[in-house]
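Residue numbers in the sequence shown follow this note's numbering, run continuously in steps of one, and reach 169 at the last position. Each residue gets a CB set at the ideal place from its N, CA and C atoms; glycine is no exception. Note that the structure is predicted; figures quoted are calculated from it, not measured. Data first, discussion second: the structure below is written as structure tokens.
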Amino acid sequence: MASKIRVVLRPVKSIVVRFCPFESNVESTRKFLGCINHKKIQATNRNCEVIADVRHDGSEPLVDVMFADGERLIMKGANLTTIEMLTALGSRCNAKELKEEEKSKKKSP
Numbered sequence: 061m062a063s064k065i066r067v068v069l070r071p072v073k074s075i076v077v078r079f080c081p082f083e084s085n086v087e088s089t090r091k092f093l094g095c096i097n098h099k100k101i102q103a104t105n106r107n108c109e110v111i112a113d114v115r116h117d118g119s120e121p122l123v124d125v126m127f128a129d130g131e132r133l134i135m136k137g138a139n140l141t142t143i144e145m146l147t148a149l150g151s152r153c154n155a156k157e158l159k160e161e162e163k164s165k166k167k168s169p
């Protein structure tokens, strides 16, 4: 299922996954955390910090991704599936990878 989605964390600095485990709408966010902690995804960037912020305050499930260039991606997990979150992260990472490749090609003619 989610293993078909390719996520390369090379342009990611940190990921904070925040949720209250006692709410009914956190299943997709918990699964996202499990997928991101998989050894194959972690191997794409050993310096990427993954933080699980588990709260008991009824807060909305949230995934906050900080990229190395300072850009942020905030996903509210209450209305998203695990696949949607992984796809969004994967496509943003791929776009940043392509941008970096283009920059390096322009620098070295």
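Distance from the Cα of residue 121 is smallest, within the candidate group 107, 83, 95, 65, for 83. In summary, residue 118 is exposed, with fewer than 16 beta-carbon neighbours lying within 10 Å of its beta-carbon over all protein chains present. Within the model, the alpha-carbon separation for residue 88 versus residue 162 is close to 34 Å. Looking at the DSSP output, residue 110 sits in a beta bridge with 75. Within the same chain, 101, 146, 149, 150, 153 come within 7 Å of residue 67 by CB-CB distance, once the 5 residues on both sides are set aside.
Counting along the chain, residue 132 sits inside the beta strand (DSSP E) bounded by residues 132-136.
Following the DSSP letters along the chain, one finds residue 122 inside the beta strand (DSSP E) bounded by residues 122-127.
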